[in-house]
Amino acid sequence: MIHTIIHTILDIIESFGYFGIFIFMAIESSVLPLPSEVVMIPAGYLVWEGKMNPVLAILAGTFGSLAGALCNYFIAIKIGRIFVIKYGKYFFMKEKSLVTTEKFFNKHGEISTFIGRLIPVVRHYISLPAGLAKMNLVRFSIFTLIGAGIWVSILTGFGYWLGDTFSGIDINEIVDTFGRGELDSTQQDIKAKMRLIVVVVLGFVCICALIYMWFMRKRKQK
Numbered sequence: 022m023i024h025t026i027i028h029t030i031l032d033i034i035e036s037f038g039y040f041g042i043f044i045f046m047a048i049e050s051s052v053l054p055l056p057s058e059v060v061m062i063p064a065g066y067l068v069w070e071g072k073m074n075p076v077l078a079i080l081a082g083t084f085g086s087l088a089g090a091l092c093n094y095f096i097a098i099k100i101g102r103i104f105v106i107k108y109g110k111y112f113f114m115k116e117k118s119l120v121t122t123e124k125f126f127n128k129h130g131e132i133s134t135f136i137g138r139l140i141p142v143v144r145h146y147i148s149l150p151a152g153l154a155k156m157n158l159v160r161f162s163i164f165t166l167i168g169a170g171i172w173v174s175i176l177t178g179f180g181y182w183l184g185d186t187f188s189g190i191d192i193n194e195i196v197d198t199f200g201r202g203e204l205d206s207t208q209q210d211i212k213a214k215m216r217l218i219v220v221v222v223l224g225f226v227c228i229c230a231l232i233y234m235w236f237m238r239k240r241k242q243k
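With the working numbering as the guide, the letters of the sequence shown map in order to residues 22 to 243.
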């Protein structure tokens, strides 16, 4: 079933282009746990094939992420925490995940809306505690755009690199890498490199967080 869903997503992206990327990235950032890798890596591959413009693909993914994040943000503001916890399970929102994300937001403050965009799992939920805390909409949008833009650019670049490095690989093989079936050696290599990217991004997030905390501490001392 997952295999079918992933290939359906690919077909829609190829048919609807940038609008398809926008819609799926909006879904990824809102209520449904759709992996952004399934959307943006194939988009990067299509860029390598010359079927898409890299800037437009990245913009579509970034603003799609913002649209989905704003959806969660306003849901949290208008409906509240109790409703989100009670009915979130029907949209694959686990209470445990929401609580973890709330703690992350409360600990790191508004910068977590930027940091969270670069962290798996947290990325899907970080807009909810921001909405519950009634974070300033402009700052929320800016932090979200920057974080989403970085992540989308990384995935698009990775998809382009796959096309350039594994020129003989078919786009369907790339998509199948994120399913649950048995992987061949090339797909295992792709998945290993994807894990490495996640580790590097997490390292980058830690550095950004430390710089931000240092800056805020200096600011308070003044």
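Note that beta-carbon positions come from the ideal geometry of N, C-alpha and C, so glycine has one too.
Q) Can you list the beta strand (DSSP E) stretches of 3 or more residues lying completely in the region 86-173, in chain order? A) Fully enclosed beta strand (DSSP E) runs of 3 or longer: not present.
Q) Buried or exposed: where does I232 fall if 16 or more other Cβ atoms within 10 Å of its Cβ makes it buried? A) Residue environment analysis places I232 among the exposed positions, since fewer than 16 neighbouring C-beta atoms fall within 10 angstroms of its C-beta.
Q: Could you please give the first and the last residue of the uninterrupted alpha helix (DSSP H) stretch that includes L55?
A: Element bounds for L55: n/a, residue is neither H nor E.
Q. What do you get for T134, buried or exposed, if any count of 16 or more other CB atoms within 10 angstroms of its CB means buried?
A. Answer is buried; the Cβ neighbour count reaches 16.
Q: Evaluate R138 with the Cβ neighbour count: other Cβ atoms within 10 Å of its Cβ, from every protein chain shown; 16 or more gives buried, anything less gives exposed.
A: Taking all protein chains in view, the Cβ of R138 is crowded by 16 or more other Cβ atoms within 10 Å, so the residue is classified as buried.
Q | M46, DSSP secondary structure in three states | A | Three-state result, M46: helix.
(Q) If you measure between the beta carbons of N246 and S148, is that distance less than 8 Å? (A) For residue 246 there is no data in the structure shown, the boundaries of the chain being 22 and 243.
Q.
For a test of the three-state rule: what should DSSP assign to E35, helix, strand or coil?
A. Reduced to three states, the DSSP call for E35 is helix.
Q | CA-to-CA distance, V226 to G168, given in whole angstroms | A | Cα to Cα, the separation comes out at about 10 Å.
**Q.** Residues of its chain near A88, where Cβ-Cβ distance is below 6 Å and the 5 sequence neighbours each way are ignored
**A.** The residues are A47.
Q. Applying the criterion that 16 or more other CB atoms from any shown protein chain within 10 Å of the CB defines a buried residue, is G224 buried or exposed?
A. Its Cβ having fewer than 16 others within 10 Å, G224 is exposed.
Q. Quick one: what does DSSP say M73 is sitting in, helix, strand or coil?
A. Looking at M73 - three-state DSSP - the assignment turns out to be coil, as it is neither helix nor strand.
Q: Would you please state the rounded distance, in angstroms, between the beta carbons of G180 and P63? I believe it to be under 8 Å.
A: Yes, they are in contact, since the Cβ atoms of G180 and P63 sit about 6 Å apart, within 8 Å.
Q: Ignore the nearest five residues each way along the sequence and tell me which others in G184's own chain have a CB closer than 7 Å to its CB.
A: For G184, where only same-chain residues beyond five positions count, the Cβ hits under 7 Å are Y66, W69 and E70.
**Q.** Given I79 as reference, the closest of V60, I228 and Q209 once Cα atoms are compared
**A.** Of V60, I228 and Q209, the residue nearest in Cα terms is V60.
Q: Determine the contact status of V173 and T29, defining contact as a CB-CB distance below 8 Å.
A: No, the Cβ-Cβ distance between V173 and T29 is not below 8 Å.
Q) Nearest-angstrom Cα distance between I96 and G170? A) Their backbone Cα atoms lie some 23 Å apart in a straight line.
Q) Would the C-beta of Y181 count as close to the ligand MG, meaning under 7 Å from any of its heavy atoms? A) Although the ligand MG was asked about, the structure shown includes no ligands whatsoever.
Q) So, A81 versus S50, is the Cβ gap smaller than 8 Å? A) Not closer than 8 Å, so no.
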